[in-house]
Amino acid sequence: MEKKISAYEARRQLGNLINEVQYGGDTYIIERHGQPAAVLVSVDDYAAWREWQAWRTAQADAQALQQQILERRGGEVVPSATEILQEVRSACIGTSPPICRGSIF
133 MEKKISAYEA RRQLGNLINE VQYGGDTYII ERHGQPAAVL VSVDDYAAWR EWQAWRTAQA
193 DAQALQQQIL ERRGGEVVPS ATEILQEVRS ACIGTSPPIC RGSIF
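Shown next, in the form of structure tokens:
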């Protein structure tokens with residue numbers, strides 16, 4: 133449950149707040165002069181948030197890289213690994229080039 137508390141009260145009750153966050157699953161928004169200033173969350177919630185942030189960053193990086201590749205290829209879409217493998221396999225049918233002999237294709 134999300135609760136709000138003043139910075140003054142948070143200082144006075146820090147031990148209790150830690151117990152509520154750690155064992156009760158509560159989250160505290162600590163306010164200073166009526167404005168949110170900090171959040172007190174459990175270590176598990178913080179770790180999950182960090183993991184989610186890392187995933188979002190990786191997704192953004194992948195999209196930026198995909199855009200760069202698309203621009204360098206002049207707008208031509210990069211074929212998937214499956215499409216490339218199918219193309220190599222079809223090129224090997226009826227022939228015996230070195231890449232096809234004894235390979236996994």
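My numbering numbers the first residue of the sequence shown as 133 and each following residue consecutively.
Beta carbons are placed, not taken as given, at the ideal position from N, Cα and C, and that holds for glycine.
Coil, strand or helix - residue i by DSSP
i	result
V171	strand
I150	helix
I161	strand
I239	Examination of residue 239 is not possible in this model, given that the chain is present from 133 through 237 alone.
E208	coil
G166	coil
Through-space distance from residue j to residue i, alpha-carbon basis
i	j	result
F237	L217	Low local confidence applies: a pLDDT of 47 at F237 is under 50, so the model's placement there is unreliable, with the coordinate-based value given in what follows. Whole-angstrom Cα-Cα distance: 8 angstroms.
E134	E208	49 angstroms
Contacts around residue i, its chain only, beta-carbon distance under 8 angstroms, and the 5 residues preceding and following it disregarded
i	result
I137	Q145, L149, Y160, I161, I162, E163
D177	T159
Closest Cα partner of residue i within the set the options
i	options	result
L173	V220, E219, G156, W184	Going by the sequence as given, residue 173 is Val instead of Leu. Selected option, being the one with the closest Cα: G156.
V175	I201, Q154, G147	Q154
Close Cβ partners of residue i (< 7 angstroms) along its chain, the five nearest in sequence each way excluded
i	result
A170	I162
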